[in-house]
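Taken in sequence, the protein lines are chains W and V.
Numbering of the first sequence is given in this note's numbering, commencing with residue 1 and proceeding in unit increments.
Numbering of the second sequence is given in this note's numbering, commencing with residue 1001 and proceeding in unit increments.
All C-beta atoms in this analysis are idealised placements derived from N, C-alpha and C, irrespective of residue type, glycine included.
These numbers were taken from a predicted model, which means no experiment stands behind them.
Note sheet for the following structure.
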Amino acid sequence: MALIEAKALAKSYGDNIVLEQVNTKVEKGEFITIVGTSGCGKTTFLRMLLGIEQPTRGKLLLGGNPFPDEPSPERGIVFQRYSVFPHLTVLKNVLVGLELESSPFTGRLFGSERGEAIAKAKEILNSVGLSHALNLYPHEMSGGMQQRLAIAQALIKNPKILLLDEPFGALDPGIRGDMHQLILDLWRKTGVTIFMITHDLQEGFYLGTRLWVFDKIRLDKDNPNSYGACITYDIPAGNKDNNTYHEIDDSLDESRRVLVG
Amino acid sequence: MKRLINRHPDNWLKYTLGTLPFVAVLVLYVFASDARLAENPKDKLLPSLSSIATAVDKAATEPSKRTGEYILWNDTIASISRLAMGVGAAALIGLIFGVMNGAIPLIRANLSPFITVVSLIPPLALLPVLFIVFGLGELSKVVLIAVGITPFIIRDLQNKVLELPRELIIKAQTLGASTWLLIIRVILPQVLPRLIDAVRLSLGAAWLFLIAAEAIASTDGLGYRIFLVRRYMSMDIILPYVAWITLLAFMTDYILRTISTRAFPWFHAMSK
């Protein structure tokens, strides 16, 4: 059975139709990158996967069951900003993930349990290259280091699904390359299913196993919100040639002109 | 010549300019006082600095003939302990309700309109009620301070909780936090520095309520003293007491700010 399945999924806010007729299946271990113009429902789709938005119509299934209607540890998230706790050091930012579920009253671990948790946290921080920064606060680190921390923090829970909402959008191009390598390594190592939203078509084109383009098939220039977006391109990793790139780029430009103006 | 808005003082000029108004007021006072005393040596309105010093010295170092206490210190301790109890109670209640209101929509829907209405009641108008209910002792003064500033602290903290990035609240849930753990491990530590800010902002009002309560019904305290000696036009006591209250207020604020920067370095780095 597919890990995630969308059947005639639609989302609207009053008259504003964001998504309609989203039909897709996702298997365990896929790495899906999502591109699309602002306002085309990428983030709304991610928020539904996260459980903070519910479908208006249609079905969104996780392992055959409806998606849980609030966030849970099986779905990790990295946002573009504000992903890490500013009041905790690097080590504690990861440690807190282990403490929260194992200690329902104090939310803290003590003694040997704490020792084991610290060892585990250090191991994962090591794998994202932050072992030298354990006692720094997030504000003392660069944007790239903060995102590494956010990834480590999300992976410590061994989530089934990792959601990345433009995680590298605010980073310098050079650092972005390192982060791509990091996320690919971690994905291969853990086998987690990844959904990554990006603004950057190029990034979406070569990272991951599958590229989705969210776009509106029908565009009403005077009333752009009267039709919803759906997945207009669903391309597997092997089929990403230059022509397709330009075709997608053109189609995105077209809707950007209408939607953003 | 640079525009005025682009001209910044260097350190030396900055401190000189900052000190100037204080010096100006002092000089103006000395001249005015001298002029009045030259006209009428018995004038009480603007006493000379030396007679102020004598009065302060007497209040601070000589035990009172009637009670055997050092008046200035006795008044200071009485006032500061009332202020500390009132503000402490307000901070604690404000923290609990502010965090609950901010974090839990059902509680916010339940309490927020009520607290908004309560915060509009002028606290001084309630003072007679407090005297009737709690008597003329310490309790009614402490309660006045608490009643006066708690609604502000609750509302301020509620907003501060709501201003925390939603991303952090969602993130904590994906790490498995229950509502309770989200409050004590994510929300509470992040609003503590904001609580100190709220307390600092409400201290001015707290002093106002304290002095009002002491003026009306008390047997000691800084506010009691200045209203007592007003009958004898003892400006030589009133003026230094006002300066002393100002200094205490300044020091309280300074201490709170220092605690906050030491204890929550991440907060002050973020808000820069």
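- In terms of beta-carbon proximity, Thr1174/V lines the interface with chain W, with at least one pair separated by less than 8 Å.
- Among the residues of chain W, those whose CB is under 7 Å from the CB of Ser1178/V are Pro104, following chain order.
- Looking at Gly144/W, His139/W, Asp220/W, Pro159/W, the one whose alpha-carbon comes closest to that of Gly129/W is Gly144/W.
- Under the DSSP definition of a beta bridge, Pro236/W partners with Arg210/W.
- Nearest to Leu1046/V by alpha-carbon distance, out of Ala1059/V, Ile1259/V, Ala1146/V, Val1025/V, is Val1025/V.
- Annotation: the stretch 3-47 of chain W contains no complete segment of the alpha helix (DSSP H) (minimum length 4 residues).
- Scanning Glu99/W, Gln21/W, Lys120/W for the CA closest to the CA of Phe45/W turns up Gln21/W.
- Close CB contacts of Trp1207/V within its chain, under the 8 Å cut and outside five residues either way in sequence, are with Leu1083, Ile1245, Ala1249 (chain order).
- Taking a beta-carbon distance threshold of 8 Å, Met1085/V does not count as an interface residue toward chain W.
- At a beta-carbon threshold of 7 Å, the residues of chain V lying near Gly97/W are Leu1175, ordered along the chain.
- For Tyr1224/V, the three-state secondary structure derived from DSSP is helix.
- As DSSP reads the structure, Tyr1070/V sits in a beta bridge with Pro1063/V.
- Chain W has a Cβ within less than 8 Å of the Cβ of Pro1165/V.
- Ranked by Cα distance from Glu140/W, the options Ala1269/V, Ile1149/V, Leu1004/V, Val1199/V are led by Ala1269/V.
- Taking every protein chain shown into account, the CB of Tyr1224/V has 16 or more other CB atoms within 10 angstroms, so this residue is buried.
- Lys120/W carries a helical assignment under DSSP once its states are collapsed to helix, strand and coil.
- Taking 8 Å as the threshold, the shortest C-beta distance from Ile1104/V to chain W does not fall below it.
- Rounded to the nearest angstrom, the gap between the Cα atoms of Lys11/W and Leu95/W is 36 Å.
- Interface criterion met: the Cβ of Tyr82/W is under 8 Å from a Cβ in chain V.
- The continuous alpha helix (DSSP H) containing Thr1174/V extends over residues 1166-1174.
- Judged by DSSP in its simplified three-state form, Gly1098/V adopts helix.
- When C-beta atoms of the stretch 105-115 of chain W are compared with those of the stretch 172-179 of chain W, fewer than three pairs fall below 8 Å, so the two segments do not count as touching.
- Pairing Phe1131/V with Pro1151/V, the inter-Cα distance amounts to about 20 Å.
- A Cβ-Cβ distance of about 6 Å is found for the pair Ile231/W and Phe214/W, placing them in contact under the 8 Å criterion.
- For the stretch 113-144 of chain W, the residues whose beta carbon sits under 7 Å from a beta carbon of chain V are, in order, Tyr137, His139.
- The DSSP assignment places 75-78 as complete runs of the beta strand (DSSP E) inside the stretch 59-113 of chain W, in order along the chain (cut-off: 3 residues).
- Scanning Asp1034/V, Lys1160/V, Ala1089/V, Ile1211/V for the CA closest to the CA of Leu1124/V turns up Ile1211/V.
- Ile231/W carries a strand assignment under DSSP once its states are collapsed to helix, strand and coil.
- Contact annotation: in the stretch 50-77 of chain W, residues whose CB is within less than 8 Å of a CB in chain V are Leu50, Ile52, Glu70, Pro71, Ser72, Pro73, Arg75, Gly76, Ile77.
- Residues of chain V with a Cβ closer than 8 Å to the Cβ of His87/W are, in chain order, Pro1189, Gln1190, Phe1264, Trp1266, Phe1267.
- Contact annotation for Met1233/V against chain W: no contact, minimum CB-CB distance about 54 Å [criterion: below 8 Å].
- Contact between the stretch 245-258 of chain W and the stretch 1005-1024 of chain V is absent, with fewer than three C-beta pairs closer than 8 Å.
- Check the Cα spacing between Gly1094/V and each of Ile1149/V, Tyr1254/V, Ile1107/V: the tightest is with Ile1149/V.
- Under the 8 Å criterion on CB atoms, Leu3/W is classed as non-interfacial with respect to chain V.
- Where Phe1152/V is concerned, there is no enclosing beta strand (DSSP E), although the alpha helix (DSSP H) around it starts and stops at 1138-1163.
- Your pair Arg1200/V and Arg1257/V checks out as a contact, with CB atoms roughly 7 Å apart and the cut at 8 Å.
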